[in-house]
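Novice:
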Amino acid sequence: MRDDFDAKWHELAEEVMSGIKEWRIKHPRATLREIESALDERLGKMRARMLADTALASAAAEMTRSEGGEGWRCPSCGKELEMRGRQERLLTSQYNQTLRIKRRYGVCPQCEAGFFPSG
Ligand SMILES: [Zn+2]
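Next comes the structure, spelled out in structure tokens:
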């Protein structure tokens with residue numbers, strides 16, 4: 008997913024930059040304000056595209072996670088956690104209430120650290 012972005016966004020950025028260069032060559036006497044609006048127009052398109060891609064990517068990630076059931080990743084190294092079922096966790100809430108919550112528990116095969124993924 009990240010590689011897709013790199014390739015797509017790189018292309019997008021190059022389009023913007025070469026577009027600005029071409030525009031500048033065609034408008035050698037442009038004022039600062041004119042340059043600014045030419046720049047804004049192109050950056051605005053790039054911004055919209057990046058926003059859409061990013062929003063779609065997080066929706067896709069959410070879907071993969073719920074379809075696969077598990078798919079939790081270690082927050083420090085990114086490896087998929089080995090799920091070890093549910094374990095009881097004690098949480099202290101506001102006003103010092105102790106809550107006993109059964110939560111999913113996973114262990115990172117690389118860091119050997121245990122996590123209670125959220126959700
Ligand atoms: Zn890890």
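Residue numbers (my numbering): 8 to 126. Heads up, the beta-carbon is just placed ideally off N, CA and C, and yes, glycines get one too. Quick caveat, the model's predicted, so the values are computed rather than measured.
Please state whether DSSP places R56 in a helix, a strand or coil.
Specialist: Residue state for R56 is assigned as helix, using DSSP reduced to three classes.
Novice: Going by C-alpha distance, which of Q94, C81, R54 is nearest W16?
Specialist: R54
Novice: Taking 8 Å as the threshold, find out whether the segment 111-124 comes into contact with the segment 87-101 through three or more Cβ pairs.
Specialist: yes
Novice: Using three-state DSSP, classify G75 as helix, strand or coil.
Specialist: With a pLDDT of only 47 at G75, under 50, the local geometry of the prediction cannot be trusted, and no value is derived from it.
Novice: In whole angstroms, what separates the C-alpha of E119 from that of V23?
Specialist: 45 Å
Novice: Using a Cβ-based criterion (distance less than 7 Å to any ligand heavy atom), does S25 qualify as near ligand 1?
Specialist: Checking every heavy atom of ligand 1 against the Cβ of S25, none is found closer than 7 Å.
Novice: Taking DSSP's pairing of strands, which residues face R93 in a bridge?
Specialist: R111
Novice: Per DSSP, T105 forms a beta bridge with which residues?
Specialist: T99
Novice: Does DSSP put F12 in a helix, a strand or coil?
Specialist: helix
Novice: At the level of alpha carbons, what is the spacing between R80 and A45?
Specialist: Taken atom to atom, the span from the alpha-carbon of R80 to that of A45 is near 43 Å.
Novice: Return the CA-CA distance between L97 and P82, expressed in angstroms with no decimal places.
Specialist: Here the C-alpha atom of L97 lies approximately 21 Å from the C-alpha atom of P82.
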